[in-house]
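Residue numbers for the sequence shown follow the numbering used here, beginning at 4 and rising by one.
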Amino acid sequence: MTLSSPSLTQSDGSDQTKTSDDLFIVPYSKEYRSSLEKAAELLAKASVCSDSPSLKNLLRTKANAFLSNDYYESDVAWMELDSNLDVTIGPYETYEDGLFSYKATFEAFVGIRDDTATSQVKLFGDQLQDLERNLPMDNIFKSDSVSAAPIRVINLLYNSGDVKGPQTIAFNLPNDERIVNERGTSMVMLKNISEANFKHILKPIADACIRVEQKEYVNFEPYYTHIVCHECCHGIGPHSITLPSGKKSTVRLELQEFHSALEEAKADIVGLWALNFLIKKGLLPKSLSQSMYVSFLAGCFRSIRFGLEEAHGKGQALQFTGCMTKGLLSYTQMENSQLTLRRLRML
Numbered sequence: 004m005t006l007s008s009p010s011l012t013q014s015d016g017s018d019q020t021k022t023s024d025d026l027f028i029v030p031y032s033k034e035y036r037s038s039l040e041k042a043a044e045l046l047a048k049a050s051v052c053s054d055s056p057s058l059k060n061l062l063r064t065k066a067n068a069f070l071s072n073d074y075y076e077s078d079v080a081w082m083e084l085d086s087n088l089d090v091t092i093g094p095y096e097t098y099e100d101g102l103f104s105y106k107a108t109f110e111a112f113v114g115i116r117d118d119t120a121t122s123q124v125k126l127f128g129d130q131l132q133d134l135e136r137n138l139p140m141d142n143i144f145k146s147d148s149v150s151a152a153p154i155r156v157i158n159l160l161y162n163s164g165d166v167k168g169p170q171t172i173a174f175n176l177p178n179d180e181r182i183v184n185e186r187g188t189s190m191v192m193l194k195n196i197s198e199a200n201f202k203h204i205l206k207p208i209a210d211a212c213i214r215v216e217q218k219e220y221v222n223f224e225p226y227y228t229h230i231v232c233h234e235c236c237h238g239i240g241p242h243s244i245t246l247p248s249g250k251k252s253t254v255r256l257e258l259q260e261f262h263s264a265l266e267e268a269k270a271d272i273v274g275l276w277a278l279n280f281l282i283k284k285g286l287l288p289k290s291l292s293q294s295m296y297v298s299f300l301a302g303c304f305r306s307i308r309f310g311l312e313e314a315h316g317k318g319q320a321l322q323f324t325g326c327m328t329k330g331l332l333s334y335t336q337m338e339n340s341q342l343t344l345r346r347l348r349m350l
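Below you can see the structure in the form of structure tokens.
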């Protein structure tokens, strides 16, 4: 991924010397050419074997992107993917770049699309413009051209690269602001990972941290519904901005290393607000009104385990501190220390 920063000098690397103090950009297509050429060759072969036109196009354009370092066409092809075999591959997330949060790392997901589950979550993508219109912020920052977000629910078969360690349960791409402005974003939900995550991680955490009287509210439906809303809410709110000087920029570019954590916190909190908004509209059952907040609280402890140097963990710490400061939570010192959500209507 070619980086863009006023603090870096763009270069093809040919002017690099041992005595140079300048920072410059070396495109991945040059730095990792030998590895990317092998990967591109395999992707091109796979595209020939595929009987799905959209998957064939994705694999072909992705192979070209690995060699050219221009991912625009392949990212558009990814958004238009309509295949039982769902593939995501490329340099996308910038969580690991602690300097400016500009440099992306490579990742790959391969899964099987769940058509039934995909149809069930279509509601959320269709409501994005209405959610944008009603965001609790000044109208000057709102967009009147938010596209309905395509949502694909898959069961994960394989992943690698940056996502091979702790397992993500959903992701929202692309991060290219040109495509975000033109088409919005698309999201992929990993259903089997979400189910395993809830059963083996979140539920045991809730049993240890949530008061007995509120444990009944912790169940998979509100947990998963908030995940969907979280991913949707990455696509709303300010992205492209105009600075006081009149210069055009993006929120990601200006916030630099603070962007990832703040963006994750924003998606969590706006996701809760969006759920409440959709409940009031009658699009979601009122039974979620209590359970979504308690399940969210249990999820705080799940995410904060990632640590304060990781975007999700840091973002969750910001939210948790805010909830404690505003008196939304109470801490009970008992034989086993537990937390109680004092006010179910947080927003």
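C-beta atoms are modelled at their ideal positions from N, C-alpha and C, and glycine is treated no differently.
Practice item. Just tell me which of Ser248, Met295, Val254, Ser32 has its CA closest to the CA of Asp271. Key: With distances taken between Cα atoms, Asp271 lies closest to Met295.
Practice item. State the DSSP-derived secondary structure class of Glu313, mapped to helix, strand or coil. Key: The three-state secondary structure of Glu313, taken from DSSP, is coil.
Point to revise | alpha helix (DSSP H) segments (min. 4 residues) lying fully within the region 274-310 | key: The region 274-310 contains these whole alpha helix (DSSP H) runs: 291-307.
Review point. Does DSSP classify Leu331 as helix, strand or coil?
Key: Of the three classes helix, strand and coil, the one that applies to Leu331 here is coil, per DSSP.
Check your understanding: To the nearest angstrom, how far is it from the Cα of Asp78 to the Cα of Cys303?
Key -> Rounded to the nearest angstrom, the two C-alpha atoms are 32 Å apart.
Review point. DSSP three-state call for Val149: helix, strand or coil?
Key: Judged by DSSP in its simplified three-state form, Val149 adopts coil rather than helix or strand.
Exercise for review: Would you check if the distance between the CB atom of Ile196 and the CB atom of Ala301 is smaller than 8 Å?
Suggested key: Cβ distance not < 8 Å, so Ile196 and Ala301 don't count as in contact.
**Study point:** Distance between beta carbons of Ser263 and Ser104, contact taken as under 8 Å
**Key:** Ser104 to Ser263, Cβ: 5 Å. Contact.
Point to revise | Closest Cα partner of Ala314 within the set Phe261, Asp129, Gln130 | key: Nearest neighbour of Ala314 by Cα position, chosen from Phe261, Asp129, Gln130, turns out to be Phe261.
Check your understanding: Among residues of its own chain, excluding the 5 on either side of Pro225, which ones have a beta-carbon nearer than 6 Å to its beta-carbon?
Key -> Leu291, Ser294, Met295, Ser298.
Review point. Counting along the chain, where does the alpha helix (DSSP H) carrying Gly101 start and finish?
Key: DSSP places Gly101 outside any alpha helix (DSSP H), giving it a letter other than H or E.
Exercise for review: Leaving aside the five residues before and after Leu84 along the sequence, list all residues of the same chain whose C-beta is less than 6 Å from its C-beta, in chain order.
Suggested key: Once the five neighbours on either side are set aside, the close Cβ partners of Leu84 are Ser57, Leu61.
Review point. For the 8 Å Cβ check, are there 3 or more pairs between the region 230-246 and the region 85-101?
Key: In short, these stretches do not touch, since the Cβ pair count stays below three.
Practice item. Can you check the region 187-216 for any beta strand (DSSP E) of at least 3 residues that lies completely inside it and give the ranges in chain order? Key: Along the region 187-216, the beta strand (DSSP E) occurs as fully enclosed runs of 3 or more residues at 189-193, listed in sequence order.
Review point. Of the choices Phe112, Met140, Val149, Trp276, whose alpha-carbon is the least far from that of Arg155?
Key: Among Phe112, Met140, Val149, Trp276, the Cα nearest to that of Arg155 belongs to Phe112.
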